Amino acid sequence: MSGLRVLVGCKRVIDYAVKIRVRPDGLGVVTDGVKHSMNPFDENAIEEAVRLKQKKVVKEIVVASCGPAQSQETIRTALAMGADRGIHVELPAGTEADLQPLAVAKIFAKLVEKEKPDMVILGKQAIDDDANQTTQLLAGMLDWPQGTMASVVDVGDGNVTITREIDGGLEDISVSLPAVVSADLRLNEPRYATLPNIMKAKKKKIAKMNPGDLGVDIAPRLKVLNVVDPPVREAGEKVPDVSTLMDKLKEKGHL
Amino acid sequence: MMLHTVRRLVTPAMGRCASTLVLVEHDGSAVNPATLHTVSAAAKLGGPIHALVAGDSCQEAAAAAAKISGVEKVFVAEGDALKGQIAEAVSAVLLDVQAKNSYSHIFANGTVFGKNILPRIGAKLDVAPISDIIDIKSDSTFVRTIYAGNAIQTIESCDPVKVVTVRATAFEAAADEGGSASTEAVDIAVDNEKSKWLEAKLSKSDRPELASAKVVISGGRGLKNGENFEMLYNLADKMGAAVGASRAAVDAGYVPSDLQVGQTGKMVAPDLYIAVGISGAIQHLAGMKDSKTIVAINKDGEAPIFQVSDYGLVDDLFKAVPEMINSIE
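Protein chains in written order, with the working numbering: chain A, 1 to 255; chain B, 1001 to 1329.
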């Protein structure tokens, strides 16, 4: 094997630990001044590519992100983890919430045309929109096979064996390369970028472009009519012991 | 002559021309319960509901699908190419049925099965898929959760075909008897050299299925190891419950991944959810906060789970759970 080229996607999202707030205008959530990080599943995607490179299965990792100027930081994190070069598809500030998975997949389809990777690895879902679509969309567009919810990725000669986390347990599939894979959380444990690697990453190249340069129409197909808080679940009571708990449950007809 | 005009309240947005194709989830012989909820979601649109059952050996499942109340027609696609219901093959068949019938809506379960296949269809039809809806406002307006259920968004699709996955816990189940759909075999000229299903390693259990159980007992990191989950299994058996887990417990290897309840695992909404040794991270709550009654057992009185529990017991679970088991005959 002469070594594969892998294209990995990453997205800048509100950090998973942040308590999100719905915007007063009811059309989205507050993002200004809120901590953002790389989407956790995308960390798994990059980590897997880096491990494949360490095993000399992969020779080049290209990381791409679609987002505002700050997405560059997300790309730098990926470069610090071990990706070789980056692509920033830049969106005007404040428009990132309008970029929906169908458009992202179209952008990545164009990047695939340019970069000719053997494999694309994306995170299974973004923790903001919880869509879990981009890998499947991209695979459909390219007519490539897909391996979603991957918890094990085993690259062979011209193919990949993938263990998927499915509702009833696990399933193994084999797909020929080129393929699109989505990383699940248990695929690996992502490394922290060390300071020396962060410094080295500053020298790695990030190409910049916008969706128009790729000829992609990113207008959203789904119009957000409103965004509201979920129904509030109030805290109930504390019970002093098991027997009180069991009595309460009996009262409610659960036992 | 007095004319009594009856004003019938018609919701104009509910399509009298809507027609839905439901991709049925099944194991060859039985229809997955989540499909019943997806059918009932489709019923809200009005219009005919047809179903597609695809697989390498699925006559029994097709017969079961034909009995679902509300389903008028079942397409059956059976053949080796569909072994494992691999996405590339199923989507090819589904697109074929869509091309011949032009449904306005294509629905599937918001399960791993449905989520794996439907967006691929979306790409081929060049429409924006809509994931995991919890309500339908009109034939083009849907409600879904974002940010691990911490916000609810209402969206309107302007695409000509709506490709939608449905969260089962948000809709009633259609009756699995009473339907008498016609069945029609589908020609599956599928040319898929690119992917192959190898094998499944499914968890075998006599307990109720986690996604549809009326009672769920979940364990978290507080259980400390996989052996300790035994006592949850014992309690579950006494209560006729399913057993679930937090992501922390799965990551630590205490239980297999299909037990995971949460934002990126299963969404459950049982009558009773008992969270044992679970702190209540946002991502876990996303998967269970629609449960009717929530009980939490945790020795940390400040654990966030107590903010959503109806009954909270601050106690050592290794003491409390055996007590619960003993108190049930």
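Backbone N, C-alpha and C define an ideal beta-carbon position, used for all residues, glycine too. Owing to the predicted nature of the structure, the values given are computational and were not obtained by experimental measurement.
Taking the Cα of residue 1104 of chain B as reference, the smallest distance to any Cα among B:1116, B:1122, B:1179 is reached at B:1122. Chain-order list of chain A residues neighbouring residue 1307 of chain B: 233, 234, 235, by C-beta distance under 9 angstroms. The beta carbon of residue 1151 of chain B falls within 8 angstroms of a beta carbon belonging to chain A, placing the residue at that interface. Exclusion of the five residues before and after residue 100 of chain A leaves 220, 221, 222 as the residues of its chain whose Cβ lies within less than 7 angstroms of its Cβ.
If you ignore the 5 residues before and after residue 1210 of chain B, its C-beta comes within less than 8 angstroms of the C-beta of 1216, 1242, 1243, 1244, 1258, 1259, 1261, 1266, 1268, all in its own chain and listed in chain order. In this structure residue 228 of chain A is in contact with residue 26 of chain A, their Cβ atoms being roughly 6 angstroms apart against a cut-off of 8 angstroms. For residue 89 of chain A against residue 61 of chain A, the beta-carbon gap comes to about 17 angstroms, at or over 8 angstroms, which does not count as contact. Counting along the chain, residue 122 of chain A sits inside the beta strand (DSSP E) bounded by residues 119 to 123. Runs of beta strand (DSSP E) with 3 or more residues, each lying fully within the stretch 1191 to 1216 of chain B, are found at 1195 to 1202, listed in chain order. Annotation: residue 1149 of chain B to residue 152 of chain A spans about 28 angstroms, alpha carbon to alpha carbon. Neighbours of residue 1017 of chain B across chain A, judged by C-beta separation under 7 angstroms, do not exist; the nearest C-beta is about 20 angstroms away. When rounded, the separation of the alpha-carbon atoms in residue 1194 of chain B and residue 175 of chain A is 6 angstroms. Between residue 252 of chain A and residue 1293 of chain B, the beta carbon gap of about 6 angstroms places them in contact (Cβ cut-off 8 angstroms). In the DSSP assignment, residue 1323 of chain B falls within the unbroken alpha helix (DSSP H) covering 1317 to 1327. In the DSSP annotation of this structure, residue 134 of chain A is not part of any beta strand (DSSP E); the continuous alpha helix (DSSP H) holding it starts and ends at 134 to 142. Per DSSP, residue 1081 of chain B is not a residue of any beta strand (DSSP E), being assigned neither H nor E. Taking 8 angstroms as the threshold, the shortest C-beta distance from residue 96 of chain A to chain B does not fall below it. For the 8 angstroms CB-CB criterion, residue 67 of chain A and residue 12 of chain A form a contact. For residue 186 of chain A, there is no enclosing beta strand (DSSP E), as DSSP marks it with neither H nor E. Chain-ordered, the chain B residues with CB closer than 7 angstroms to the CB of residue 149 of chain A read 1112. Bounds of any beta strand (DSSP E) do not take in residue 1025 of chain B, whose DSSP letter is neither H nor E. Chain A has no Cβ within less than 8 angstroms of the Cβ of residue 1208 of chain B. The C-alpha of residue 198 of chain A is placed about 46 angstroms away from the C-alpha of residue 1025 of chain B. Nearest in C-alpha terms to residue 236 of chain A, of all of B:1147, B:1218, B:1271, B:1312, is B:1312.
Residue state for residue 221 of chain A is assigned as coil, using DSSP reduced to three classes. Against residue 1199 of chain B, the close residues of chain A are 171, 172, in the order they occur along the chain (beta-carbon pairs closer than 8 angstroms). The alpha helix (DSSP H) runs of length 4 or more contained entirely in the stretch 1093 to 1165 of chain B are, from start to end of the chain, 1112 to 1125.
At least 8 angstroms separates the CB of residue 1232 of chain B from every CB of chain A. Look at residue 1250 of chain B here: in three-state DSSP terms it is helix. Contact annotation: residue 1040 of chain B and residue 1181 of chain B have beta-carbon atoms that are not nearer than 8 angstroms. For residue 1137 of chain B and residue 1147 of chain B, the gap between their C-alpha atoms comes out near 21 angstroms. A direct Cα-Cα distance of roughly 15 angstroms separates residue 19 of chain A from residue 129 of chain A.
For residue 1311 of chain B, the closest Cβ of chain A is nearer than 8 angstroms. Taking 8 angstroms as the upper bound for CB-CB distance, residue 1190 of chain B and residue 1081 of chain B are in contact here, some 4 angstroms apart. Listed as beta-bridge partners of residue 1261 of chain B by DSSP are B:1266. Distances from the alpha-carbon of residue 35 of chain A to those of A:16, A:43, A:42 put A:16 closest.
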